[in-house]
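Under the numbering used here, residues 66 to 227 are what the sequence shown spells out, in order. Here a beta-carbon is modelled for each residue, glycine too, at the ideal position from N, C-alpha and C. Heads up, the thing below is written out as structure tokens.
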Amino acid sequence: MKPIFWVFVAIIYLGSFNAFAGPEEHRDAQVCYVISSADYAKIPDEVPTEICLESIKVDLYKKKIEAYSFFSNFTALIQNLKLTSLTNNHEGLIQFQASNVIENNYMNICGSQNDLQLFIGGQVNNNGEGLINQLSVAVQLTAIATSCHRNESPVVYNYKLR
Numbered sequence: 066m067k068p069i070f071w072v073f074v075a076i077i078y079l080g081s082f083n084a085f086a087g088p089e090e091h092r093d094a095q096v097c098y099v100i101s102s103a104d105y106a107k108i109p110d111e112v113p114t115e116i117c118l119e120s121i122k123v124d125l126y127k128k129k130i131e132a133y134s135f136f137s138n139f140t141a142l143i144q145n146l147k148l149t150s151l152t153n154n155h156e157g158l159i160q161f162q163a164s165n166v167i168e169n170n171y172m173n174i175c176g177s178q179n180d181l182q183l184f185i186g187g188q189v190n191n192n193g194e195g196l197i198n199q200l201s202v203a204v205q206l207t208a209i210a211t212s213c214h215r216n217e218s219p220v221v222y223n224y225k226l227r
């Protein structure tokens, strides 16, 4: 075979390594929100200390939201986000609010139920692409001890951009 053929094959072969993003590239593309330091010491185990996203997209016609994270521990938190509001503002951006039930289970002999809900709010452009560096992220924990007749007030844990 001619040497030019092998040069061509080598270029294609070596160039293909860039075509597939590895975990390092995804890690760099993630935008992470962390629990505030004041709340960090007192959060229960089921409340995540960090929430990372790579993208948020809103289908403005179907009124659906899709969030993406390469890492599976965050995917479970954001995979069932439901769009709760869309509001046009005067700057060409669209405000959105979304939520997701992270956990809803009974924990102890009183039948206590922990409801853990994720709230994400922010802005998208006219193409539906979210500005992931400017989100408001919070998790609300509501504990209800049904047979003990004790209802605790919801506790909201706010996250800030890391």
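Query                                                                             : Result
Option nearest N165 by Cα separation, candidates L158, F184 and S218              : F184
Nearest-angstrom Cα separation, counted from A141 out to A163                     : 15 Å
According to DSSP, residues forming a beta bridge with F184                       : S164 and A203
N- and C-terminal bounds of the alpha helix (DSSP H) containing D104              : S102 to Y105
Residue of D110, N169, Y126 and P68 minimising C-alpha distance to L148           : Y126
P113 burial status per 10 Å Cβ neighbour count (16 or more: buried)               : buried
Where S120 falls: helix, strand or coil (DSSP)                                    : strand
Alpha carbon of I130 to alpha carbon of V123, nearest angstrom                    : 4 Å
I130: first and last residue of the uninterrupted beta strand (DSSP E) it sits in : K129 to Y133
Per-residue DSSP class, three states only, for I108                               : coil
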